[in-house]
Structures are given as structure tokens and as C-alpha cells.
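All residue numbers for the sequence shown refer to numbering that gives the first Met the number 0, where the first residue is 0 and numbers rise by one.
Report on one structure; see the data block that follows.
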Amino acid sequence: MNFCSKCGSKLENGSCPNCSTISNSNKNKNYFKLIIGFIIILFILTGGIFIYGKSTSKTQSEIAMDFSNAISNKNTDELQEILYCDNQKLQINTTNANVLIDYFTKNPSKFSDINDNFKAGKYVDTGYPLSIKEISKRFFFFPVYKVVVKPTFMKAKCNFKNFKIKVLDQTYSDLNESTEIGPLMPGNYNITAELSNSYL
0 MNFCSKCGSK
10 LENGSCPNCS
20 TISNSNKNKN
30 YFKLIIGFII
40 ILFILTGGIF
50 IYGKSTSKTQ
60 SEIAMDFSNA
70 ISNKNTDELQ
80 EILYCDNQKL
90 QINTTNANVL
100 IDYFTKNPSK
110 FSDINDNFKA
120 GKYVDTGYPL
130 SIKEISKRFF
140 FFPVYKVVVK
150 PTFMKAKCNF
160 KNFKIKVLDQ
170 TYSDLNESTE
180 IGPLMPGNYN
190 ITAELSNSYL
């Protein structure tokens, strides 16, 4: 179209010098450029996310190596990053990380066993309450692996009133047949018992 659809003036370079109307062919060209630009930006963003996700995701064998190093170096901060528990009542914190480190330090043969399992690619059914599993996906695509802790529980019963036991910083009282202590990080614990009544 060589003439403006609004005022009838002759178009110059696809636009009207009289009323500034732009021809449909120029509009289509601009629209096409916008689409191409959007596709290019989307492609760059997708590529960036893929590269970032790939570089920050660790395989099961890498997690196994990190776990081994954290225990060997007694690095509680690194161990906390590696551990995961489905039971939200068991907090993955410095105290519980130290419990696990202390257990393996005092039982090196147990640490050697689970290390051998992980190195051999046996990440589940290790014979210990620890396994390496996928817990989520990063960016809906990259698997996130952690050392998953299966918490332990203890039962305690006492027929005396005002009887208390303390495990780490948690105190349990009014113990009966259904009293369950936990969830606990697998490990060794010092349990303190206290009884207070008119005789003792």
C-alpha cells in the first residue's frame, strides 16, 4: 500500500508524513522482530538455567564423597548440608551432626562399612539408617541427592511419679508404656535419669 489508509497521503518509508500512521506491513515487521527477540532471550535464559543447574547438581557418588570427607574431617557445617530427614521433628543441626560424627569416630569399622557401600554404588539398603536418595529436583529437571537419615526412637518406662530422663537437651517426664523418645539421630547417647519424691 503506497497511500495512507487514514488521510490518503503518499507513504514515505512505510509511514505517513501527514498523520504519522504506520502501514500494516511495517507493523508486521516490528511484531516479527519482537517475537524473534523474545525467542532469543528465552533461549539464552534456558541455556543459563541449564548450565547453572548442571554445575550445582551433584551425583550420588559426589554426595558419597562429600559425606566421607565431612565425617573424616569432623566438619559439622558440611555434614549439615549433606544430611536430610523426612521427619521434621529431627532437626539437622550442629548437635545432631556431632552425634553422627562421634558415633563413626568411636566405631570406625561401621564408618568403613557404609563408606564401602557408597563407593560400590549401594546407596540404599546399606544395613544402616543412612542412604543416598533423591529428595527433590532443581528447576524441575536436575535431581537433588542427600544422605537421608532414618531417625531412631527409644522407649522408656518407669512406675515412679516425677521420674524424668534427659537425652541431649530434651527432658522427658511422665513416662509410661507408650512414651517414645525421639526422633533421634542414629548414634551413641548419654541418658540422664532423675527421680524426685518424698524419699529421694
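Every residue gets a Cβ at the ideal spot worked out from N, C-alpha and C, and that includes glycine.
What you are looking at is a predicted structure, and each value in this text was computed from that prediction instead of being measured.
In whole angstroms, give me the CA-to-CA distance for residue i and residue j.
| i | j | result |
| --- | --- | --- |
| Q79 | I39 | 40 Å |
| F141 | L194 | 53 Å |
| T170 | N95 | 16 Å |
| V166 | K73 | 22 Å |
| G46 | F103 | 42 Å |
| F117 | F31 | 54 Å |
| V123 | N86 | 18 Å |
| E179 | D173 | 11 Å |
| N97 | E77 | 11 Å |
| F42 | K132 | 31 Å |
| R137 | L44 | 15 Å |
| G181 | L99 | 15 Å |
| S56 | N175 | 46 Å |
| S60 | F139 | 21 Å |
| D101 | D115 | 19 Å |
| S108 | I190 | 24 Å |
| K121 | T75 | 24 Å |
Near residue i, what residues of its chain come up, given a Cβ to Cβ distance below 7 Å and the 5 sequence neighbours on each side ignored?
| i | result |
| --- | --- |
| I81 | I62, D65, F66, A69, K145 and V146 |
| K105 | N187 |
| I113 | T125, Y127 and L129 |
| F110 | I70 and F103 |
| L33 | none |
Once you ignore the five residues that flank residue i on each side, which residues in its own chain have a CB closer than 8 Å to its CB?
| i | result |
| --- | --- |
| D168 | T94 |
| T200 | Outside the displayed range of the chain (0 to 199) lies residue 200, so it cannot be described from this structure. |
| I91 | Q79, L82, Y83, C84 and V148 |
| I134 | Y83, V143, Y144, K145 and V147 |
Can you name, in chain order, every residue of its own chain whose Cβ lies under 6 Å from the Cβ of residue i, other than the five neighbours on each side?
| i | result |
| --- | --- |
| A192 | I164 |
| N196 | N161 |
Check the C-beta distance from residue i over to residue j and give it rounded, since I have them as a contact under 8 Å.
| i | j | result |
| --- | --- | --- |
| F162 | L183 | Incorrect: roughly 20 Å between the Cβ atoms, too far for contact. |
| L89 | P150 | 5 Å |
### Task
Count the CB pairs spanning the stretch 154-169 and the stretch 122-131 that are closer than 8 Å, and state whether there are at least three.
no
### Message
For a minimum of 3 consecutive residues, which ranges assigned as the beta strand (DSSP E) are wholly contained in the stretch 117-190?
### Response
129-137, 141-148, 151-154, 162-166, 169-172 and 179-183
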